[in-house]
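Quick note on numbering: my numbering labels position 40 of the sequence shown as 978, and the sequence is numbered without any gaps.
Backbone N, C-alpha and C define an ideal beta-carbon position, used for all residues, glycine too.
These figures come from a predicted structure and were not determined experimentally.
Heads up: the structure comes next, in structure tokens.
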Amino acid sequence: MAGTQQERENLVQELIERMMGIMRKVRHDAVPNEPLLSMPQLHILFSIAMKKGGVSVSELAELSGVTPGAVTQFVNALAEKDLVARESDPSDRRIVRLRITPRARGQLERLRRDHLAAAAHAFDVLSLEDIRTLNEILGRLNVPLEKEELPPDGRRA
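In structure tokens form, the structure reads like this:
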């Protein structure tokens, strides 16, 4: 009993809406009522943090899907808060590399922990076996996990 194409599309739409609802709930539960950073600023910070050697404005614009001018505005605001540092690229002095500061690293680690705790809480209604099954089913979609590699000490760069 395969079902109709319309039924399949309806179920997929419902699944997407449920997943988005879970993510909204997790984000709401993990982020303080008065966040210090906007969601685009957080995205920029996480994108910079994932690049061990730093990232140029043009690379960050490509990663983020926004213009270099928009990235520059976000970076300026983050630099004013001492969350992003600009450094000359040792191999090409014309290029400025962006890196997160130790202050930003601490904030991102706290956010990551809070986000994970909120996500774990959202899944409290499921058994460990249910979570394994859900993970296996979603794994069949063959979408690569976006895991950043951690150094041997387990800390982010």
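Taking just the CA atoms, how far does residue j sit from residue i?
i     : j     : result
V1022 : A1042 : 7 Å
A987  : V993  : 9 Å
F984  : Q943  : 39 Å
L1072 : L1066 : 10 Å
G1077 : L998  : 28 Å
V1063 : D1020 : 40 Å
Q951  : F1061 : 21 Å
Return the first residue and the last residue of the beta strand (DSSP E) that residue i is part of.
i     : result
L1036 : D1030 to I1038
S976  : From DSSP, S976 is part of no beta strand (DSSP E); its letter is neither H nor E.
V1022 : V1022 to D1027
Does the Cβ of residue i have 16 or more other Cβ atoms within 10 Å, making it buried, or fewer, making it exposed?
i     : result
V964  : buried
V1013 : buried
R1035 : buried
V1009 : buried
Could you give the first and the last residue of the continuous alpha helix (DSSP H) run that contains residue i?
i     : result
V1013 : P1006 to E1018
R1068 : First, the amino acid is wrong: residue 1068 is Asp here, not Arg. That run of the alpha helix (DSSP H) goes L1066 to G1077.
Under 9 Å between C-beta atoms, does residue i make it to chain B?
i    : result
L980 : Within the model displayed, chain B is absent; a lone protein chain is all it includes.
Are residue i and residue j closer than 9 Å when you measure CB to CB?
i     : j     : result
L1046 : I1038 : yes
R1024 : A1015 : no
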